[in-house]
Structure formats: structure tokens, C-alpha cells
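**Q** The structure under discussion is supplied below as C-alpha cells; questions concerning it will follow.
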Amino acid sequence: MGKIYFDNNATTRLDARVFEEMLPFLRDNYGNPSSLHSFGREARRALDNARCNAANLIGAEPDEIVFTSGGTEADNQAIMGIADLIGSPGGRIITSAIEHQAVLNSCRHLQKRGFSTTFLPVDYEGRIKPADLEDTLGGDVILVSIMYANNETGSIQPVEEAAAIARSRGAIFHCDAVQAAGRIRIDVRKLGVDLLSLSSHKINGPKGSGALFVRRGIQAPVLLHGGHHEQRRRAGTENVASIVGFGEACRLAGQRLDETAGNCRMLRDRLEKAIMEEVQPAIINGSRENRLPNTLNVSFPGVDGQFLAINLDLMGIAVSTGSACHAESREPSYVLKAMGRSDDEASSCIRFSLGGENTVDEVDAVILALKEFVGSLRTA
Ligand SMILES: *Cc1c(COP(=O)(O)O)cnc(C)c1O
């Protein structure tokens with residue numbers, strides 16, 4: 008068997024059809040979408056098409072999509088941009104303790120500029136309680152930012168309830184939906200969000216593109232100032248090839264969503280069941296009911312997660328110990344710590360994140376490897 012990739016929450020393989028769609032824009036179709044001649048018009052048409060595909064994936068209108076360089080930029084644009092629109096420091100932002108670092112560190116940056124931040128706690132399953140948001144939400148709150156699904160645990164947040172609470176008090180609501188998009192169905196109208204972040208490389212698109220959904224009727228937050236691109240909402244000549252790839256990835260993700268989710272859920276549940284029955288003791292980190300179908304985060308108490316991940320890698324099995332963004336730090340995951348796990352439990356975790364291409368044979372090979380290694384690491 009070839010290498011096994013179970014790290015799809017870190018990044019995904021570029022889909023072959025996405026690659027084919029991008030190729031012309033890396034070769035002959037090099038026009039600038041802002042140019043009036045045929046080269047430019049061709050690039051503009053491609054952007055318009057990608058914008059429709061991205062909008063369709065989340066139930067938005069095309070003019071509500073602002074292309075960015077990825078999820079990190081979309082999160083920064085939402086948070087810094089809203090703070091800029093409000094202008095006067097002193098306003099408060101409410102987010103959760105388990106957000107992606109793109110959100111957490113944007114908020115921390117604003118703290119230095121005089122804004123204050125409230126980090127909502129999460130329960131043992133990694134979910135916020137809407138009542139906590141209700142209790143802390145005052146007139147000073149300018150923005151509430153709650154992610155859709157957590158990258159480490161897959162836990163899905165009560166976004167619809169949180170958005171309704173925020174908006175009833177006049178705060179703007181942002182949602183980082185980078186992990187949820189393409190994995191579960193998203194409808195921005197039903198959710199009632201004002202801003203929502205997407206990333207291309209988490210849904211089999213190329214790296215370096217993504218989008219911020221900006222609901223019609225709100226003033227758009229701006230991060231990059233310059234030319235009139237993206238209706239003055241994001242300056243800079245568009246990364247045409249990458250955006251074209253992102254658009255195609257959105258189209259394919261929408262088309263295959265049920266099939267991909269069903270396959271991932273079947274494989275994930277098979278893996279989870281085998282671990283709980285045959286690799287005890289093991290603790291599942293994340294919600295059993297409200298979780299992405301592709302994600303399984305497990306702690307193996309008494310085992311060093313990093314050491315286990317390295318051993319699996321030597322066998323050609325790619326998994327991660329939480330988030331790819333801080334793999335080099337040996338600090339236990341702040342997400343698991345916020346969920347009440349001990350240092351030992353948090354540093355003994357492994358995240359398996361599946362994708363549409365994974366197979367039963369791969370799952371069975373991983374189960375075998377786990378039985379072998381976890382057992383030997385525990386007796387060592
Ligand atoms: C990957 C990820 C991001 C960052 O997206 P990039 O396109 O890699 O910048 C933001 N939020 C979440 C939840 C993610 O998983």
C-alpha cells in the first residue's frame with residue numbers, strides 16, 4: 008500500500024479537475040482582470056464564474072464574495088476591518104477560546120490597540136454555550152467571531168443561535184467556516200451571519216486563495232487598501248489561476264458533498280469504533296453528535312502523541328497532533344486544554360482527518376499500526 012494521508016484538516020490534495028481548470032491561467036490566459044482588452048475580459052469572466060461557484064457553496068449571492076489570499080486573510084479582514092470601521096478603540100470583541108490562531112491573534116493584536124476581548128469558554132465537548140454569549144454581550148460589543156467547526160476536534164458550534172443573539176444586540180457576527188465548508192452544508196441565510204471565511208486549500212483547491220462572505224447591506228470591512236479591485240473591498244491584482252481553482256473546488260465540493268461526507272463518516276466511525284474497542288484506554292476529544300464527519304481526535308493516555316505521530320509517519324501514515332500551525336511547538340494544544348483536558352491527555356492526542364479519497368483498506372492499515380505502536384509505547 009502507498010502512503011496514507013489522514014491529515015485533511017491541515018490541507019488537501021489538489022483535485023485533478025481543479026488543476027486542469029487552472030492551467031490555462033498559468034499559461035496563455037495571463038490577462039489582468041482589470042484590463043479592458045480581450046485578455047483582461049477573459050480573466051474577468053473566469054473570476055465571475057469562480058465567484059458564482061463560491062457563492063453557491065454557501066447559499067450567498069456572487070457580489071457577497073470577496074476573494075482573499077486564504078482563510079487567514081479573510082479572518083484578518085473581518086476582525087481588523089470591523090475594528091477599523093468602528094474606529095474608536097474601547098469597543099469589545101467576543102470570540103471563543105478555541106478559535107484558529109488567525110482569529111485569536113487578530114483579536115490579541117486589537118487588544119494592543121485598545122480594544123478589549125472576551126474569550127468564551129467551551130464545554131468538555133469543545134462547544135460554546137449560547138447562554139454564555141448572551142450573558143456577556145453588552146452594548147460595547149462591536150463584533151462576535153465564532154468558528155463553525157474546530158480544526159483540531161471537528162466540534163461544530165451552535166452558530167445559528169450565536170448569530171441570532173449577536174445580531175439581536177446590534178453586533179456584527181463573523182464565522183470562520185474554513186473547516187466546515189465542503190464537509191457539511193452551509194447556508195449563510197439560514198445561519199444569519201454577516202461575515203464568513205473560506206479557504207481553498209482545505210477543499211481540494213490550490214493554496215493561496217479563499218474568500219470572505221460579506222452580507223449585502225453591511226459596510227464591508229477592508230484590510231488591504233489600494234486599487235478598486237473586488238469592489239474596493241480587497242485591493243491587489245487578483246490571483247487569477249488560484250481563484251479559478253478555488254471556484255472549481257467549490258463547485259466540485261458542493262456537487263459531491265453528500266457522497267464525501269457519507270464516505271468520510273463511514274470510515275471515521277470504523278476507525279473510532281476499532282480504537283475504542285481495541286486500543287484502550289482512549290478518550291475522544293470532540294462532540295459525538297455535533298462533529299464534522301471527517302474528523303477524529305483521540306487521546307491515548309500514557310503515550311506521547313508526537314512520538315506516536317512520528318512512528319506512524321515512518322510507516323507512511325500521515326496524521327497530526329492537533330493543529331498544523333503549531334506542530335513545531337511542544338506546548339499541549341490550547342484547544343484541548345480549553346476543553347478541560349489535562350496536560351497529559353492533551354499531549355497524548357492524535358488527529359485523524361479524512362478526505363473523499365480515503366478507503367477502508369487505509370483505515371484498516373491504520374488500525375493495525377495503532378494496535379502495534381500504542382501497545383508497545385505503553386509498555387516501554
Ligand atoms: C486552515 C484554517 C485557517 C487558515 O486558512 P489558510 O487558507 O491556511 O490561511 C483558518 N481557520 C481555520 C479553522 C483553518 O482550519
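Using my numbering, read the sequence shown as starting at 8 and increasing by one per residue.
Note that beta-carbon positions come from the ideal geometry of N, C-alpha and C, so glycine has one too.
Computed from a predicted model, the values in this text were never measured in an experiment.
From Phe-46 to Val-247, what does the alpha carbon distance come to, in whole angstroms?
**A** Phe-46 and Val-247: Cα-Cα distance of roughly 12 Å.
**Q** Does the pairing of the stretch 153-164 with the stretch 84-92 give three or more beta-carbon distances under 8 Å?
**A** Not touching, per the Cβ criterion.
**Q** Can you say whether Thr-366 is buried or exposed, counting buried as having 16 or more other CB atoms within 10 angstroms of its CB?
**A** Looking at its Cβ environment, which holds fewer than 16 other Cβ atoms inside 10 Å, Thr-366 is exposed.
**Q** Span of the alpha helix (DSSP H) holding Thr-75?
**A** That residue, Thr-75, is in no alpha helix (DSSP H); its beta strand (DSSP E) goes 72-75.
**Q** What is the rounded straight-line gap between the Cα of Pro-300 and the Cα of Gly-269?
**A** If I take the Cα positions, the gap works out to 8 Å.
**Q** Below 8 Å, how does it come out for the stretch 342-353 and the stretch 100-118: are there three or more Cβ pairs, yes or no?
**A** Contact holds: three or more Cβ-Cβ distances are below 8 Å.
**Q** Assuming Gly-217 is part of the beta strand (DSSP E), what are its boundary residues?
**A** Taken as a continuous stretch (DSSP letters only), the beta strand (DSSP E) holding Gly-217 covers 217-221.
**Q** Considering only C-alpha positions, which residue in the set Leu-361, Glu-369, Leu-43 and Phe-380 is nearest to Val-286?
**A** Per the Cα distances, Phe-380.
**Q** What is the DSSP secondary structure of Ala-188, reduced to helix, strand or coil?
**A** Coil at Ala-188, not helix or strand.
**Q** Of the residues Val-305, Gly-323 and Lys-280, which one's Cα is nearest the Cα of Asn-292?
**A** That would be Val-305, whose Cα lies nearest to the Cα of Asn-292.
**Q** Could you work out which residue in Ile-65, Gly-66 and Arg-58 is closest to Thr-75 when comparing CA atoms only?
**A** Checked all of Ile-65, Gly-66 and Arg-58; the closest Cα to Thr-75 is Arg-58.
**Q** Check whether the Cβ of Met-154 sits closer than 7 Å to any heavy atom of ligand 1, and report yes or no.
**A** Checking every heavy atom of ligand 1 against the Cβ of Met-154, one is found closer than 7 Å.
**Q** My output table needs one value for Tyr-12: the three-state DSSP class, helix, strand or coil.
**A** Correct three-state label for Tyr-12: strand.
**Q** Just checking Ala-62 against ligand 1 - is the residue's beta carbon closer than 7 Å to any of the ligand's heavy atoms?
**A** No, the beta carbon of Ala-62 sits no closer than 7 Å to any heavy atom of ligand 1.
**Q** Would you say the beta carbon of Glu-84 is closer than 7 Å to some non-hydrogen atom of ligand 1?
**A** The residue asked about is misnamed: residue 84 is Gln in this sequence, not Glu. No, ligand 1 has no heavy atom inside 7 Å of this Cβ.
**Q** Measure the alpha-carbon distance for Gly-362 versus Gly-215 and round it to whole angstroms.
**A** Rounded to the nearest angstrom, the two C-alpha atoms are 20 Å apart.
**Q** Assuming Ile-179 is part of the beta strand (DSSP E), what are its boundary residues?
**A** Per DSSP, Ile-179 belongs to the beta strand (DSSP E) from 179-183.
**Q** Does the beta-carbon of Thr-143, which I'm using as the reference point, lie nearer than 7 Å to any heavy atom of ligand 1?
**A** No - ligand 1 has no heavy atom lying nearer than 7 Å to the Cβ of Thr-143.
**Q** Given that a residue counts as buried once 16 or more other Cβ atoms are within 10 Å of its Cβ, and exposed if not, what is Met-8?
**A** Flag for Met-8 reads exposed.
**Q** Decide if the stretch 179-186 is in contact with the stretch 198-209; the criterion is three or more beta carbon pairs, one per stretch, under 8 Å apart.
**A** Yes, they touch.
**Q** Using a Cβ-Cβ cutoff of less than 8 Å, which residues in the same chain neighbour Ala-372 once the five nearest sequence positions on both sides are dropped?
**A** Closer than 8 Å at the Cβ level, and outside the excluded window around Ala-372, lie Met-8, Ile-11 and Ile-324.
**Q** At 3 residues or longer, what runs of the beta strand (DSSP E) sit wholly inside the stretch 221-290?
**A** Complete beta strand (DSSP E) runs here, min 3: none at all.
**Q** Which residues share a DSSP beta bridge with Phe-359?
**A** Leu-303.
**Q** Relative to the alpha-carbon of Ser-360, which residue among Thr-328, Arg-115 and Gly-243 has its alpha-carbon at the smallest distance?
**A** Of the candidates Thr-328, Arg-115 and Gly-243, the one whose C-alpha sits nearest the C-alpha of Ser-360 is Thr-328.
**Q** At a cut-off of 7 Å, would you count Thr-79 as near ligand 1, judging by its Cβ distance to the nearest heavy atom?
**A** Answer for Thr-79: yes, Cβ within range of ligand 1.
**Q** Which whole runs of the beta strand (DSSP E) in the stretch 101-133 are 3 residues long or more, in chain order?
**A** Complete beta strand (DSSP E) runs here, min 3: 123-127.
**Q** Between the stretch 126-137 and the stretch 59-74, are three or more C-beta pairs nearer than 8 Å?
**A** Too few Cβ pairs lie closer than 8 Å, so no.
**Q** Less than 8 Å separating the beta-carbons of Gly-252 and Asn-56?
**A** The answer is no: Cβ separation not under 8 Å.
**Q** On a CA-only basis, which of Ala-23, Asp-14 and Ser-41 is nearest Glu-237? Give me that one, please.
**A** Comparing Cα-Cα distances from Glu-237 to each of Ala-23, Asp-14 and Ser-41, the minimum goes to Ser-41.
**Q** Report the rounded CA-to-CA distance for His-389 versus Arg-337, giving the unit in angstroms.
**A** Absent from the structure is residue 389, since the part of the chain shown begins at 8 and ends at 387.
**Q** Tyr-341 to Ile-357, Cα distance in whole Å?
**A** If you take the alpha carbons of Tyr-341 and Ile-357, they lie about 14 Å apart.
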